[in-house]
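*Asks:*
Protein chains: 2
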Amino acid sequence: MQTIHDLETPSILIDLDIMQRNIAAMQKRCDDLGINFRPHIKTHKIPAIAQMQLNAGAIGIACQKVSEAEVFADAGISDIQLPYNIVGERKTARLAELAKRAKVTVTVDSKAVIDGIAIAAKNATATIHMMVELVALNNRTGTTPENALELAQHILTYHDHLHFAGVMIYPADAAIRPRLQKTLSLLKDADINVEIVSGGGSGAIREAHLIPELTEMRVGTYVFWDWGSVNHGWASFDDCAMKIRATVVSANEKSRIILDSGSKTVHSETVDGRFGYIVEYPNARLHKVNEEHGYVDFSDCDSVPQVGDILHITPVHTCVVTNLHNQLYGVRGENIEEIWDVAARGLVW
Amino acid sequence: MQTIHDLETPSILIDLDIMQRNIAAMQKRCDDLGINFRPHIKTHKIPAIAQMQLNAGAIGIACQKVSEAEVFADAGISDIQLPYNIVGERKTARLAELAKRAKVTVTVDSKAVIDGIAIAAKNATATIHMMVELVALNNRTGTTPENALELAQHILTYHDHLHFAGVMIYPADAAIRPRLQKTLSLLKDADINVEIVSGGGSGAIREAHLIPELTEMRVGTYVFWDWGSVNHGWASFDDCAMKIRATVVSANEKSRIILDSGSKTVHSETVDGRFGYIVEYPNARLHKVNEEHGYVDFSDCDSVPQVGDILHITPVHTCVVTNLHNQLYGVRGENIEEIWDVAARGLVW
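This is the structure we're talking about:
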């Protein structure tokens, strides 16, 4: 069996024991809450890992783009939610084709988006499930409770090809509950049936018990966790399944040690001005990245690595790291048990 | 012929007229200086574009990683410089194999790196060209003039398999000239022949006439330029060949318009707090990105786009955008003349 010592660097390692523990823990959290769990696959982009999440009890997956959904449908996954406004004739046509081989649910926040999808569904003689999205504290997509009611009524006018499924919100922080309650009340008064109240967010899952209206939660990052999650208090370093295996390529000064891992490898997000947490040297500061160079200051460390030494980095944000790489390596201890192609990497359509 | 209207969004467009003008202009700049030009391929990662650069007069290419060099050697490019410390037994072995089918030049900043490459070159009965790297104002890799002399002498002890070629510095700002002169003087005093003095940098090329010691320059970004370059004063918006074609997917409030292009598409670097420059709405602020969402505030614009409208974004940094995508589209006006696979995308080994 190959071991991590056979790998080139930089390589992205996934600790299988930790990942499996994370998968089980999040499923249990949702089971205990009595709600459905729908993992967002953006963190791994790999059908085999989605299958592990389904085997653990998830009811389906979430992803953002039609091209991602196609990859997971090709792998046999039959319940896919796109919590995203799918816009454009080519995309809605592909969405409708997809809906003929999988249960497809989308979210919408305007009549324009509804109309485009309705036309495509009609043209393909497909049925697409649709939720209205409420705007949340992040002020991203989504609409008001009053407009959500209007949109639900508009969806219902297309009942031959659209199925009104319910309400979506992201992130589903507890503070947003009044807006959700108002929406549900308006829908109830209009005799509109709500099957699904779908929330999401790695932080929000910790508050999901404060929104009893939720019927399902979507979470992605939990499968690997990352330094950003630790920094938010959502996980501990022991929960972080992803490590970037890197090599020291220059070590001429203690304050100027260079790794073979820059922004093409660790991405460009930071915690506390650092682009990753170096496991072997917690006091080292990975304070700058170019595309292929990581600059590390070891001034606060007792010892300094030498050229050729291998270090392991807990990334700031796993989802964006996954999207940079063609493969992830599933390891148990030093053994490589899985080599996964990142099948949905770079799929932005 | 397909046009840009046939493309899904987001897609990455390259204006062929602008790119060809950029290629010609940089070659002329170096021709006028009487120095060799060696484009860095990190900006495009596409052999066909490298071939255009060679056809215009470039003497070879530069890239950072062995895996990138292999892709360009496979495409028939025969003179490849890696201005990078290549470290690790597997990498140096691959480098030595590469050196048997192309002229390969690397840079080094320590004896440890030299020794590793020398062993691999000997094992493969290959010859690898080697330059010493001086540390520049960016404090990245590189060493002092005195140590550069020692390293040159160390390289010469391996004369059966290593060829000492000269000195490299990045970026080759004019302010660094005294360090370069000192190094060249030390090498001359030791009777060590210097064939190549290689500088690099999109900003440094503007000052290259102030360092007459240079024999070649390496520049990458110039082929597409970008908003970062414009912000530095290195180019104008008219020189920017890359545009990201994006769709408005949500438009419920003027201050909260959402594009289908987030950090997976435009990357995470900023100019003036903005993640890209929207051509059609120069006063719009693309002020935040999630992976699949670009948040745009149109408060300072007279008009506002609607759901389904297409916008074009000049990215902040083209090189990192290229690395996110599987294809670039070469366009002339609205016609798509080229569909290039980004052959060296994500190659970090």
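Note that the protein sequences, when read in sequence, are chains L and F.
Position one of the first sequence corresponds to residue 1187 (this note's numbering), numbered consecutively onward.
Position one of the second sequence corresponds to residue 1187 (this note's numbering), numbered consecutively onward.
By construction, the Cβ of each residue, glycine as well, lies at the ideal position given by its N, Cα and C atoms.
Small disclaimer: the values here were computed from a predicted structure and weren't measured.
#1: Below 8 Å on C-beta distance, what does Thr1329 (chain L) contact in chain F?
#2: Tell me, which residues are paired with Asp1201 (chain L) by DSSP?
#3: Any Cβ of chain F within less than 8 Å of the Cβ of Arg1460 (chain L)?
#4: Just to make sure I have the definition right: I need the residues of chain F whose C-beta is within less than 7 Å of the C-beta of Asp1295 (chain L). Which are they?
#5: Could you check whether the stretch 1393-1409 of chain F touches the stretch 1485-1503 of chain L, counting it as contact only if at least three pairs of C-beta atoms, one from each stretch, sit closer than 8 Å?
#6: Applying the criterion that 16 or more other CB atoms from any shown protein chain within 10 Å of the CB defines a buried residue, is Pro1398 (chain F) buried or exposed?
#7: Report buried or exposed for Ile1525 (chain L), applying the criterion of at least 16 other Cβ atoms within 10 angstroms of its Cβ.
#8: Hey, quick one: how far does the alpha helix (DSSP H) through Gly1414 (chain F) stretch, first residue to last?
#9: What runs of the beta strand (DSSP E), each 3 residues or longer, lie entirely inside the stretch 1320-1373 of chain F?
#10: With a 10 Å radius around its C-beta and 16 neighbouring C-beta atoms as the bar for buried, classify Asp1203 (chain F) as buried or exposed.
#11: Rounded to whole angstroms, how far is the Cβ of Arg1215 (chain F) from the Cβ of Ala1244 (chain F), which I believe are closer than 8 Å?
#12: Have a look at the DSSP bridge pairing and note the partners of Asn1208 (chain L).
#13: When you compare the CB of Lys1277 (chain F) with every CB in chain L, is at least one pair closer than 8 Å?
#14: Check whether the stretch 1260-1269 of chain L and the stretch 1441-1449 of chain L are in contact - that is, three or more C-beta pairs closer than 8 Å.
#15: Answer yes or no: do Glu1254 (chain F) and Ala1530 (chain F) have a C-beta to C-beta separation smaller than 8 Å?
#16: Looking only at its own chain, which residues have a Cβ that is under 7 Å from the Cβ of Lys1440 (chain L), when we skip the five neighbours before and after it?
#17: So, for Ala1470 (chain F): in the same chain, excluding its five sequence neighbours on each side, which residues have a beta-carbon less than 6 Å away from its beta-carbon?
#18: Examine chain F for any beta-carbon lying closer than 8 Å to the beta-carbon of Val1490 (chain L), and answer yes or no.
#19: If you reduce the DSSP assignment to three classes, tell me which class Met1187 (chain L) lands in.
#20: Below 9 Å on C-beta distance, what does Tyr1270 (chain F) contact in chain L?
#21: Classify Asp1201 (chain L): buried if its beta carbon has 16 or more other beta carbons within 10 angstroms, exposed otherwise.
#22: Would you give the residue range spanned by the beta strand (DSSP E) that Thr1291 (chain L) belongs to?
#23: Counting only C-beta atoms, is Gln1250 (chain F) closer than 8 Å to chain L at any point?
#24: Roughly how many angstroms separate the alpha carbons of Tyr1270 (chain L) and Phe1258 (chain F), rounded to a whole number?
#25: Rounded to whole angstroms, what is the Cα-Cα separation between Thr1291 (chain L) and Lys1374 (chain L)?
#26: Tell me, please, whether the CB atom of Thr1195 (chain F) is closer than 8 Å to any CB atom in chain L?
#27: What does Thr1451 (chain F) reach in chain L if we use C-beta pairs closer than 9 Å?
#28: Name, please, each residue of chain L whose Cβ falls closer than 7 Å to the Cβ of Arg1442 (chain F).
#29: Assuming Lys1334 (chain L) and Val1318 (chain L) make a contact with CB atoms under 8 Å, what is their CB distance in whole Å?
#30: Just list the alpha helix (DSSP H) runs in the stretch 1379-1408 of chain L, keeping only unbroken ones of 4 residues or longer that don't cross its boundaries, in chain order.
#31: According to DSSP, is Glu1466 (chain L) helix, strand or coil?
#32: Excluding sequence positions up to five away, which residues of its chain have a Cβ less than 8 Å from the Cβ of Gly1448 (chain L)?
#33: Which residue or residues does DSSP assign as beta-bridge partners of Ile1444 (chain F)?
#34: For a minimum of 3 consecutive residues, which ranges assigned as the beta strand (DSSP E) are wholly contained in the stretch 1232-1305 of chain F?
#35: Taking DSSP as the reference, what is the three-state secondary structure of Asp1495 (chain F)?
#36: Shortest alpha-carbon distance to Leu1240 (chain L) belongs to which of L:Ala1360, L:Ile1227 and L:Val1434?
*Replies:* On the basis of the data shown:
#1: Residue mapping note: residue 1329 (chain L) aligns to position 143 of the first sequence, counting from 1. What Thr1329 (chain L) touches in chain F: Asn1438.
#2: As a position in the first sequence, residue 1201 (chain L) is number 15, starting the count at 1. For Asp1201 (chain L), which the question treats as bridged, DSSP gives the partners L:Val1517.
#3: Sequence index remark: in the first sequence, residue 1460 (chain L) carries index 274 (1-based). No - not a single Cβ of chain F is within 8 Å of the one on Arg1460 (chain L).
#4: In the first sequence, counting from the first residue as 1, residue 1295 (chain L) sits at position 109. Chain F residues near Asp1295 (chain L): Ser1436 and Asn1438.
#5: no
#6: On the second sequence, residue 1398 (chain F) is found 212 positions in, with the first residue counted as 1. Flag for Pro1398 (chain F) reads exposed.
#7: Reading the first sequence from its first residue, position 339 is the one you call residue 1525 (chain L). So Ile1525 (chain L) counts as exposed.
#8: What you label residue 1414 (chain F) is simply residue 228 of the second sequence in a count that begins at 1. Where Gly1414 (chain F) is concerned, the enclosing alpha helix (DSSP H) stretches over Trp1413 to His1418.
#9: 1348-1355
#10: On the second sequence, residue 1203 (chain F) is found 17 positions in, with the first residue counted as 1. With fewer than 16 Cβ atoms within 10 Å of its Cβ, Asp1203 (chain F) is classed as exposed.
#11: Within the second sequence, numbered from 1, the residue matching residue 1215 (chain F) stands at position 29. Within the second sequence, numbered from 1, the residue matching residue 1244 (chain F) stands at position 58. About 12 Å; that fails the 8 Å criterion.
#12: For the purposes of this step, residue 1208 (chain L) is identified with residue 22 of the first sequence, where counting begins at 1. In DSSP, Asn1208 (chain L) forms no bridge with anything.
#13: If you number the second sequence from 1, residue 1277 (chain F) lands on position 91. So, interface residue.
#14: no
#15: Position 68 of the second sequence, counted from the start, is the residue given in the question as residue 1254 (chain F). Position 344 of the second sequence, counted from the start, is the residue given in the question as residue 1530 (chain F). Yes.
#16: Here the question's residue 1440 (chain L) lines up with position 254 in the first sequence. Only Phe1484, Ser1485 and Val1490 meet the Cβ criterion.
#17: For the purposes of this step, residue 1470 (chain F) is identified with residue 284 of the second sequence, where counting begins at 1. Excluding positions up to five away in sequence, the list reads Ile1464, Val1482, Phe1484 and Cys1487.
#18: Here residue 1490 (chain L) is taken as the residue at index 304 of the first sequence, counted from 1. Not one chain F Cβ lies under 8 Å of Val1490 (chain L).
#19: In the first sequence, residue 1187 (chain L) corresponds to position 1, counting from 1. Three-state result, Met1187 (chain L): coil.
#20: Taking the second sequence and counting its residues from 1, one reaches residue 1270 (chain F) at position 84. In chain order: Val1435, Asp1446, Glu1478 and His1479.
#21: Residue mapping note: residue 1201 (chain L) aligns to position 15 of the first sequence, counting from 1. Buried: at least 16 other Cβ atoms inside 10 Å.
#22: As a first step, residue 1291 (chain L) must be located in the first sequence, where it is residue number 105. Run containing Thr1291 (chain L): Lys1289 to Val1294, per the beta strand (DSSP E) assignment.
#23: Taking the second sequence and counting its residues from 1, the one referred to as residue 1250 (chain F) is at position 64. Yes, Gln1250 (chain F) lies at the interface with chain L (some Cβ there is under 8 Å from its Cβ).
#24: Looking up residue 1270 (chain L) in the first sequence gives position 84. Looking up residue 1258 (chain F) in the second sequence gives position 72. Those two C-alpha atoms are separated by around 38 Å.
#25: As a first step, residue 1291 (chain L) is located in the first sequence; it is residue number 105 there, counting from the start. As a first step, residue 1374 (chain L) is located in the first sequence; it is residue number 188 there, counting from the start. Rounded to whole angstroms, Thr1291 (chain L) to Lys1374 (chain L) spans 21 Å at the Cα level.
#26: Taking the second sequence and counting its residues from 1, one reaches residue 1195 (chain F) at position 9. Thr1195 (chain F) counts as touching chain L.
#27: Counting from 1 along the second sequence, the entry for residue 1451 (chain F) is found at position 265. The answer, in chain order, is Val1534.
#28: Looking up residue 1442 (chain F) in the second sequence gives position 256. Result: Asn1325.
#29: In the first sequence, counting from the first residue as 1, residue 1334 (chain L) sits at position 148. In the first sequence, counting from the first residue as 1, residue 1318 (chain L) sits at position 132. In the sequence as presented, Lys is not what sits at residue 1334 (chain L); that position holds Ala. At roughly 4 Å, the Cβ-Cβ gap stays under 8 Å, so Ala1334 (chain L) and Val1318 (chain L) are in contact.
#30: none
#31: For the purposes of this step, residue 1466 (chain L) is taken as the residue at position 280 of the first sequence. Coil.
#32: Taking the first sequence and counting its residues from 1, one reaches residue 1448 (chain L) at position 262. If we look at Gly1448 (chain L) and ignore the five residues flanking it on each side, its Cβ neighbours are Val1475, Asn1476, Glu1477, Glu1478, His1479 and Gly1480.
#33: The residue you call residue 1444 (chain F) lines up with position 258 of the second sequence. Paired residue(s): F:Ser1436 and F:Tyr1481.
#34: 1265-1268 and 1289-1294
#35: Within the second sequence, numbered from 1, the residue matching residue 1495 (chain F) stands at position 309. Asp1495 (chain F): coil per DSSP, three-state reduction.
#36: As a working note, residue 1240 (chain L) is residue 54 in the first sequence. Considering only alpha carbons, the answer is L:Ile1227.
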